[in-house]
Amino acid sequence: KAGVTQTPRYLIKTRGQQVTLSCSPISGHRSVSWYQQTPGQGLQFLFEYFSETQRNKGNFPGRFSGRQFSNSRSEMNVSTLELGDSALYLCASSKSDRGYGYTFGSGTRLTVV
Amino acid sequence: DQQVKQNSPSLSVQEGRISILNCDYTNSMFDYFLWYKKYPAEGPTFLISISSIKDKNEDGRFTVFLNKSAKHLSLHIVPSQPGDSAVYFCAAYAIHTGTASKLTFGTGTRLQVTL
Numbered sequence: 384k385a386g387v388t389q390t391p392r393y394l395i396k397t398r399g400q401q402v403t404l405s406c407s408p409i410s411g412h413r414s415v416s417w418y419q420q421t422p423g424q425g426l427q428f429l430f431e432y433f434s435e436t437q438r439n440k441g442n443f444p445g446r447f448s449g450r451q452f453s454n455s456r457s458e459m460n461v462s463t464l465e466l467g468d469s470a471l472y473l474c475a476s477s478k479s480d481r482g483y484g485y486t487f488g489s490g491t492r493l494t495v496v
Numbered sequence: 634d635q636q637v638k639q640n641s642p643s644l645s646v647q648e649g650r651i652s653i654l655n656c657d658y659t660n661s662m663f664d665y666f667l668w669y670k671k672y673p674a675e676g677p678t679f680l681i682s683i684s685s686i687k688d689k690n691e692d693g694r695f696t697v698f699l700n701k702s703a704k705h706l707s708l709h710i711v712p713s714q715p716g717d718s719a720v721y722f723c724a725a726y727a728i729h730t731g732t733a734s735k736l737t738f739g740t741g742t743r744l745q746v747t748l
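Going line by line, the protein sequences match chains H and Y.
Quick note on numbering: the first sequence equals residues 384 to 496 in my numbering.
Quick note on numbering: the second sequence equals residues 634 to 748 in my numbering.
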């Protein structure tokens with residue numbers, strides 16, 4: 384059974400650029416959530432999608448956005464990158480419509496220089 | 634506002650001994666708690682959970698204790714093994730609020746099990 388797939392695994396971008404990260408959930412999972420992991424901050428919630436609708440959003444600036452497609456695949460976009468956006472971005476999917484039975488992907492390591 | 638706190642960033646324990654990882658929360662709406670384990674370059678994996686109607690849940694070497702009055706939970710690993718060396722995240726959720734809740738994580742505790 385395929386797990387949650389995140390692409391790319393590693394990314395280096397320059398300040399001011401934008402980036403799009405992709406997440407393919409486990410087949411049959413309709414809920415996808417995104418988290419940002421930075422040292423000392425743990426996992427900070429970005430947003431959650433269920434059946435193409437954003438259901439919850441964390442306390443991140445509007446530069447962070449996301450969407451979910453009809454096949455449950457999700458993308459997140461960060462515009463006007465800042466050095467502080469360097470982090471591991473984790474995607475998690477769940478079969479349930481309740482956002483806690485998560486399976487995480489391995490993440491995308493974004494470095495902004 | 635860190636609603637889930639893990640005040641010990643790191644912990645070192647000898648192989649065979651007990652590891653105790655602690656977690657505190659401030660939001661009284663949380664009624665479901667989970668522990669995740671994370672190795673470098675991998676995503677977190679679910680370890681064990683507990684509902685607020687219980688005060689203890691056991692799964693093999695892992696036991697989670699919940700003290701609702703103190704808003705505190707702990708994860709006990711007995712006996713600790715070198716393969717347990719990882720970062721452990723505590724997480725909390727408000728099931729009764731339905732889909733409005735989100736899984737809230739602590740900052741993590743790095744456990745190192747030494748030989």
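Even for Gly, the Cβ is constructed at its ideal location relative to N, Cα and C.
Note that the coordinates shown come from a computational prediction; the quantities given were computed from them, not determined experimentally.
Taking E458 of chain H as the reference, which of H:T494, H:S407 and H:F433 has the closest Cα? H:S407
Could you tell me which chain H residues have their CB closer than 7 Å to the CB of G649 of chain Y, listed as they occur along the chain? Correct list: empty, because the minimum Cβ distance to chain H is about 29 Å.
Contact check, G739 of chain Y vs G425 of chain H under 8 Å by CB: the rounded distance? 6 Å
Beta carbon proximity, L394 of chain H to chain Y, threshold 8 Å: no
Out of Y:E648, Y:A725, Y:D688 and Y:A719, state which residue places its alpha-carbon closest to the alpha-carbon of D657 of chain Y. Y:A725
Unbroken beta strand (DSSP E) runs of length 3 or more, entirely within the region 392-446 of chain H: which are they? 393-396, 402-407, 414-421, 425-433 and 436-440
Backbone secondary structure at L748 of chain Y - three-state DSSP: coil
Assuming P642 of chain Y and R743 of chain Y make a contact with CB atoms under 8 Å, what is their CB distance in whole Å? 7 Å
Which same chain residues, not among the five before or five after Q647 of chain Y, have their C-beta less than 6 Å away from its C-beta? T747
Euclidean distance between Cα positions of G693 of chain Y and S682 of chain Y: 13 Å
Give me the chain Y residues within the contact set of E458 of chain H, using Cβ-Cβ distance strictly less than 9 Å, ordered along the chain. Residues of chain Y passing the Cβ test: none, with the nearest at roughly 17 Å.
May I ask you to report which of helix, strand or coil DSSP gives T730 of chain Y? helix
Taking 8 Å as the threshold (C-beta atoms), are R413 of chain H and L464 of chain H in contact? no
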